[in-house]
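Engineer: Note that the sequence shown covers residues 3 to 530 in this note's numbering.
Before I ask anything, here is the structure I am working with.
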Amino acid sequence: MKWTRRDMLKGLVGLPIAGGIWWAGAANSVLSSKERSEILERLNIKPSYPTSLPSIDGPPIKVGIIGFGIRGEQLCRSLGFATKEWLSDMKKAADENPQHTVLKEFLEQDKLNVKLVGVCDAFDKRANKAIESFTTADNQVKRYRTYQEMIDSGNVDAVIIATPDHWHAPMSIYALNKGVHVYVEKPMTHTVEETYRLKEAAEKSNARFMVGHQHRQTLSFKTAQDVIEKGTLGHISLIQTNTNRNDDNGAWNYHIEEEANEQTIDWDMFLGTAPKIPFNKNHFFRWRKWWAYGSGLSGDLLTHDYDRLNCVMNMGIPDSVTASGGVYTHNDGRNVPDVLQVNMEFPNYNIGASQEKGKEKGMTFIYSATLGNGFSRPTILMGHDGTMELGNNLTIWPDSRSTKYADQLESERMKPSKPIYQYNPAANIPDAISSATSQYFADKGLMWTYIDGVRVDSTFLHLREWLSSIKNGGKLSCGIQEGFEEAISAHMAGLSYKLGRRIDWNATEQIIEPIEGINFDEVLLSSV
Numbered sequence: 003m004k005w006t007r008r009d010m011l012k013g014l015v016g017l018p019i020a021g022g023i024w025w026a027g028a029a030n031s032v033l034s035s036k037e038r039s040e041i042l043e044r045l046n047i048k049p050s051y052p053t054s055l056p057s058i059d060g061p062p063i064k065v066g067i068i069g070f071g072i073r074g075e076q077l078c079r080s081l082g083f084a085t086k087e088w089l090s091d092m093k094k095a096a097d098e099n100p101q102h103t104v105l106k107e108f109l110e111q112d113k114l115n116v117k118l119v120g121v122c123d124a125f126d127k128r129a130n131k132a133i134e135s136f137t138t139a140d141n142q143v144k145r146y147r148t149y150q151e152m153i154d155s156g157n158v159d160a161v162i163i164a165t166p167d168h169w170h171a172p173m174s175i176y177a178l179n180k181g182v183h184v185y186v187e188k189p190m191t192h193t194v195e196e197t198y199r200l201k202e203a204a205e206k207s208n209a210r211f212m213v214g215h216q217h218r219q220t221l222s223f224k225t226a227q228d229v230i231e232k233g234t235l236g237h238i239s240l241i242q243t244n245t246n247r248n249d250d251n252g253a254w255n256y257h258i259e260e261e262a263n264e265q266t267i268d269w270d271m272f273l274g275t276a277p278k279i280p281f282n283k284n285h286f287f288r289w290r291k292w293w294a295y296g297s298g299l300s301g302d303l304l305t306h307d308y309d310r311l312n313c314v315m316n317m318g319i320p321d322s323v324t325a326s327g328g329v330y331t332h333n334d335g336r337n338v339p340d341v342l343q344v345n346m347e348f349p350n351y352n353i354g355a356s357q358e359k360g361k362e363k364g365m366t367f368i369y370s371a372t373l374g375n376g377f378s379r380p381t382i383l384m385g386h387d388g389t390m391e392l393g394n395n396l397t398i399w400p401d402s403r404s405t406k407y408a409d410q411l412e413s414e415r416m417k418p419s420k421p422i423y424q425y426n427p428a429a430n431i432p433d434a435i436s437s438a439t440s441q442y443f444a445d446k447g448l449m450w451t452y453i454d455g456v457r458v459d460s461t462f463l464h465l466r467e468w469l470s471s472i473k474n475g476g477k478l479s480c481g482i483q484e485g486f487e488e489a490i491s492a493h494m495a496g497l498s499y500k501l502g503r504r505i506d507w508n509a510t511e512q513i514i515e516p517i518e519g520i521n522f523d524e525v526l527l528s529s530v
């Protein structure tokens with residue numbers, strides 16, 4: 003699948019009123035089309051289009067999936083493999099609601115020249131479901147009892163790791179050391195020490211390593227990169243990102259399977275290096291609620307928002323992080339917070355400014371999260387000259403005190419209350435969102451992007467980039483350096499929350515500033 007700028011522009015022309023870029027105040031503005039065109043010309047923002055990649059030709063890439071839970075199933079669908087149950091459910095949904103187009107989009111998705119050859123999961127039901135759904139006349143999907151057995155088999159070229167967080171680094175390092183390509187879900191690691199070991203392994207290996215931040219494929223974020231590079235907003239001093247979820251799935255209270263017991267789940271495999279406790283279904287299916295296996299809001303959801311902005315702004319690791327919060331809504335035995343506030347400080351961040359020297363650098367990144375309220379709060383970038391709201395869409399307003407746009411504001415060719423630019427690739431395309439949690443991810447640009455009027459799975463695009471790099475080489479959009487920055491930043495937030503103090507980054511030594519008497523990994527893994 004290849005796109006060109008011509009393809010993208012043809013798609014924009016075909017969309018009504020809001021197709022791609024539009025003057026948001028056109029319907030009630032007294033400005034002439036010429037004046038509106040002058041503003042768009044001055045902004046000179048280039049709407050993005052998908053990266054054109056070399057084809058994935060030749061023998062199929064043999065892939066093994068490690069972890070076939072909720073995310074593992076989603077990743078397999080993005081590869082082109084759906085379970086029988088899902089296909090049946092989506093057909094029923096489409097029959098009941100013509101706007102439910104998920105099955106149609108899946109069936110029309112390009113093939114990625116992949117053979118799914120193996121599955122490794124601690125739960126028999128999940129492993130068996132994968133085998134029954136994906137085995138064909140010419141491909142028998144094999145179950146591997148351990149990840150080492152799969153990687154050592156010689157039957158896989160690449161693995162996708164969608165396990166609890168505490169397994170991400172050990173599995174990735176093992177695969178990379180064996181020359182097996184890796185796609186791992188976020189967060190990249192569970193501890194600080196793992197982050198450095200994984201970075202070393204990835205840099206030494208010839209295998210391709212990708213972190214699963216699929217929003218890097220969302221076209222609004224690619225367009226936002228151009229907004230930032232052109233200085234459209236001026237000096238950005240504050241970024242506000244948020245998580246608001248208020249349902250069981252959003253709070254990680256996932257469904258517990260009736261068939262789950264000590265005979266059908268390999269409990270020791272699941273625990274790994276985590277504290278040895280008796281078999282517990284709640285911990286197995288809802289592992290994100292405990293530090294022993296997961297990384298809380300900082301590792302599970304802050305990482306999305308941090309990396310979304312890091313791919314747009316290239317912020318890097320913050321100089322310091324402070325965090326606070328607690329368990330205020332879901333008093334169900336979890337030990338990770340369900341409310342979290344994180345401040346990341348970038349005192350030297352500078353992208354150029356329109357005002358005088360001395361006002362051109364320094365920025366705070368705020369992450370605010372609650373799992374007890376579902377009100378949707380947008381991601382906002384606040385600059386001296388303009389403010390940008392960023393998600394699946396992109397909207398820019400001029401600031402009333404802007405230096406860059408002072409003339410247009412004075413002549414009222416621009417008004418602070420009217421957007422001067424909006425990018426909406428999904429204009430007039432109806433979406434059927436099945437749950438509150440799905441709506442949350444969709445609004446943030448984490449599920450789909452829109453190309454030429456067609457909704458496209460952003461995880462499919464991310465996997466396509468990884469698979470193309472296996473065949474053809476080339477730089478990955480979320481490789482080991484991006485994963486390192488994400489992991490360290492998230493760990494700094496987790497440490498600050500647990501220690502109740504500011505955590506500093508030593509950019510010269512590339513380490514978290516040591517604190518006398520404190521072992522950072524022991525803190526991250528502790529239950530309090």
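Note that beta-carbon positions come from the ideal geometry of N, C-alpha and C, so glycine has one too.
Since this is a predicted model, take the numbers as computed values, not measurements.
Determine, using beta carbons only, whether V344 and S402 come nearer to each other than 8 angstroms.
Structural biologist: The residue labelled residue 344 in the question sits at position 342 within the sequence shown. The residue labelled residue 402 in the question sits at position 400 within the sequence shown. Not closer than 8 angstroms, so no.
Engineer: Are the Cβ atoms of S470 and P56 separated by less than 8 angstroms?
Structural biologist: Working through the sequence shown from its first residue, we reach residue 470 at position 468. Working through the sequence shown from its first residue, we reach residue 56 at position 54. It is a contact, given that the beta carbons lie within the stated cut-off.
Engineer: Which residue from H237, G74 and Q265 puts its Cα closest to that of K359?
Structural biologist: Translated into positions along the sequence shown, residue 359 becomes position 357. Comparing Cα-Cα distances from K359 to each of H237, G74 and Q265, the minimum goes to H237.
Engineer: Inspect the beta-carbon positions of M173 and W468 and report whether they are closer than 8 angstroms.
Structural biologist: Here residue 173 corresponds to residue number 171 of the sequence shown, with the count starting at 1. Here residue 468 corresponds to residue number 466 of the sequence shown, with the count starting at 1. Cβ distance not < 8 angstroms, so M173 and W468 don't count as in contact.
Engineer: Kindly indicate which three-state DSSP category F522 falls into: helix, strand or coil?
Structural biologist: Here residue 522 refers to the residue found at position 520 when the sequence shown is read from its first residue. Three-state result, F522: helix.
Engineer: So is V530 buried or exposed if we call it buried at 16+ other beta carbons inside 10 Å?
Structural biologist: Here residue 530 refers to the residue found at position 528 when the sequence shown is read from its first residue. Its Cβ having fewer than 16 others within 10 Å, V530 is exposed.
Engineer: Mind checking who R457 pairs with in its DSSP beta bridge?
Structural biologist: One-based indexing of the sequence shown puts residue 457 at position 455. Partner(s): Y452.
Engineer: On the DSSP letters alone, give me the boundaries of the beta strand (DSSP E) that Q343 sits inside.
Structural biologist: Mapped onto the sequence shown, residue 343 falls at position 341. That run of the beta strand (DSSP E) goes V341 to F348.
Engineer: If R73 sits next to A160, beta carbons under 8 angstroms apart, how far is it from one beta carbon to the other, in whole angstroms?
Structural biologist: One-based indexing of the sequence shown puts residue 73 at position 71. One-based indexing of the sequence shown puts residue 160 at position 158. Actually they do not touch by this definition, with Cβ atoms about 17 angstroms apart.
Engineer: According to DSSP, N508 sits in a beta bridge with which residue or residues?
Structural biologist: Your numbering for residue 508 matches position 506 in the sequence shown. In DSSP, N508 forms a bridge with I513.
Engineer: Reducing DSSP to helix, strand and coil, say where V161 ends up.
Structural biologist: The count along the sequence shown starts at 1 and reaches residue 161 at position 159. DSSP places V161 in strand when its eight states are reduced to three.
Engineer: Do you know whose CA, among T138, P349 and A489, lies nearest E196's CA?
Structural biologist: Here residue 196 refers to the residue found at position 194 when the sequence shown is read from its first residue. Nearest to E196 by C-alpha distance, out of T138, P349 and A489, is A489.
Engineer: Between the Cα of V458 and the Cα atoms of V116, L105 and M317, which residue gives the shortest distance?
Structural biologist: Translated into the one-based positions of the sequence shown, residue 458 becomes position 456. Answer by Cα proximity: L105.
Engineer: With a 10 Å radius around its C-beta and 16 neighbouring C-beta atoms as the bar for buried, classify F377 as buried or exposed.
Structural biologist: For the purposes of this step, residue 377 is identified with residue 375 of the sequence shown, where counting begins at 1. It counts as exposed.
Engineer: Helix, strand or coil for P400 per DSSP?
Structural biologist: Along the sequence shown, one-based indexing puts residue 400 at 398. In the displayed model, P400 falls within a strand according to three-state DSSP.
Engineer: If we count Cβ pairs, one from each stretch, closer than 8 angstroms, do we get three or more for the stretch 75-86 versus the stretch 116-131?
Structural biologist: At 8 angstroms Cβ cutoff, the stretches touch.
Engineer: To the nearest angstrom, report how far apart T103 and T191 are at their CA atoms.
Structural biologist: As a first step, residue 103 must be located in the sequence shown, where it is residue number 101. As a first step, residue 191 must be located in the sequence shown, where it is residue number 189. If I take the Cα positions, the gap works out to 35 angstroms.
Engineer: Would you kindly work out how many angstroms separate the C-alpha atoms of G69 and Y146, rounded to a whole number?
Structural biologist: Stepping through the sequence shown from its first residue, residue 69 is reached at position 67. Stepping through the sequence shown from its first residue, residue 146 is reached at position 144. Roughly 11 angstroms between the two C-alpha positions.
Engineer: Note the first and the last residue of the continuous alpha helix (DSSP H) segment covering I153.
Structural biologist: Within the sequence shown, numbered from 1, the residue matching residue 153 stands at position 151. Taken as a continuous stretch (DSSP letters only), the alpha helix (DSSP H) holding I153 covers Y149 to D154.
Engineer: Throw me the rounded Cβ distance for the H232 and I514 pair, which I believe falls under 8 angstroms.
Structural biologist: Here residue 232 corresponds to residue number 230 of the sequence shown, with the count starting at 1. Here residue 514 corresponds to residue number 512 of the sequence shown, with the count starting at 1. Strictly speaking, residue 232 in this sequence is Lys, with His absent from that position. Going by Cβ atoms, the distance from K232 to I514 rounds to 34 angstroms, so no, they are not a contact pair.
Engineer: Tell me where the beta strand (DSSP E) around I238 begins and ends.
Structural biologist: On the sequence shown, position 236 is the one that residue 238 refers to. Taken as a continuous stretch (DSSP letters only), the beta strand (DSSP E) holding I238 covers I238 to N246.
Engineer: Return the chain-ordered list of same chain residues with a C-beta closer than 6 angstroms to the C-beta of D309, the five sequence neighbours on each side being excluded.
Structural biologist: In the sequence shown, residue 309 corresponds to position 307, counting from 1. Only H215 and E488 meet the Cβ criterion.
Engineer: In chain order, what residues of the same chain have a beta carbon less than 8 angstroms from the beta carbon of K86, not counting five sequence neighbours either side?
Structural biologist: Stepping through the sequence shown from its first residue, residue 86 is reached at position 84. E134 and S135.
Engineer: With which residues is N141 paired in a DSSP beta bridge?
Structural biologist: Walking along the sequence shown from the start, residue 141 turns up at place 139. T138.
Engineer: In chain order, what residues of the same chain have a beta carbon less than 6 angstroms from the beta carbon of S479, not counting five sequence neighbours either side?
Structural biologist: One-based indexing of the sequence shown puts residue 479 at position 477. For S479, where only same-chain residues beyond five positions count, the Cβ hits under 6 angstroms are R218.
Engineer: Three-state secondary structure (DSSP) at F125?
Structural biologist: If you number the sequence shown from 1, residue 125 lands on position 123. F125 falls in the strand class under three-state DSSP.
Engineer: Are the CB atoms of V338 and W289 within a distance shorter than 8 angstroms?
Structural biologist: Within the sequence shown, numbered from 1, the residue matching residue 289 stands at position 287. Within the sequence shown, numbered from 1, the residue matching residue 338 stands at position 336. Taking the C-beta atoms as reference points, V338 is found no nearer than 8 angstroms to W289.
Engineer: From L501 to W507, what does the alpha carbon distance come to, in whole angstroms?
Structural biologist: In the sequence shown, the residue the question calls residue 501 occupies position 499. In the sequence shown, the residue the question calls residue 507 occupies position 505. Taking the straight line joining both Cα atoms gives about 15 angstroms.
Engineer: The beta strand (DSSP E) that contains M315, what's its start and end?
Structural biologist: The residue given as residue 315 occupies position 313 in the sequence shown. From DSSP, M315 is part of no beta strand (DSSP E) but of the alpha helix (DSSP H) over T305 to M315.
Engineer: Spell out a yes or no on whether the stretch 238-253 and the stretch 355-370 are touching, meaning 3 or more CB-CB pairs, one atom from each, closer than 8 angstroms.
Structural biologist: yes
Engineer: Report buried or exposed for D112, applying the criterion of at least 16 other Cβ atoms within 10 angstroms of its Cβ.
Structural biologist: Here residue 112 corresponds to residue number 110 of the sequence shown, with the count starting at 1. It is exposed - the Cβ of D112 has fewer than 16 other Cβ atoms within 10 Å.
Engineer: Ignore the nearest five residues each way along the sequence and tell me which others in G181's own chain have a CB closer than 8 angstroms to its CB.
Structural biologist: Residue numbering aside, residue 181 sits at position 179 when the sequence shown is read from its first letter. Once the five neighbours on either side are set aside, the close Cβ partners of G181 are S207, N208 and A209.
Engineer: For a test of the three-state rule: what should DSSP assign to G66, helix, strand or coil?
Structural biologist: Along the sequence shown, read from residue 1 onward, the residue named residue 66 stands at position 64. Residue state, collapsed to three classes: strand.
Engineer: Grab me the residues of S436's own chain with a C-beta within less than 6 angstroms of its C-beta, minus the 5 sequence neighbours each way, in chain order.
Structural biologist: Counting from 1 along the sequence shown, the entry for residue 436 is found at position 434. Bear in mind that the predicted position of S436 carries a pLDDT of just 43, short of 50, making it too unreliable to give a figure here.
Engineer: By a C-beta neighbour count over all protein chains shown, 10 Å radius and 16 as the cutoff for buried, is A509 buried or exposed?
Structural biologist: What you label residue 509 is simply residue 507 of the sequence shown in a count that begins at 1. A509 should be labelled exposed.
Engineer: Could you work out which residue in E205, E107, V186 and K224 is closest to N394 when comparing CA atoms only?
Structural biologist: Locating residue 394 in the sequence shown gives position 392, counting from the first residue. Residue K224 is the option with its Cα nearest to N394.
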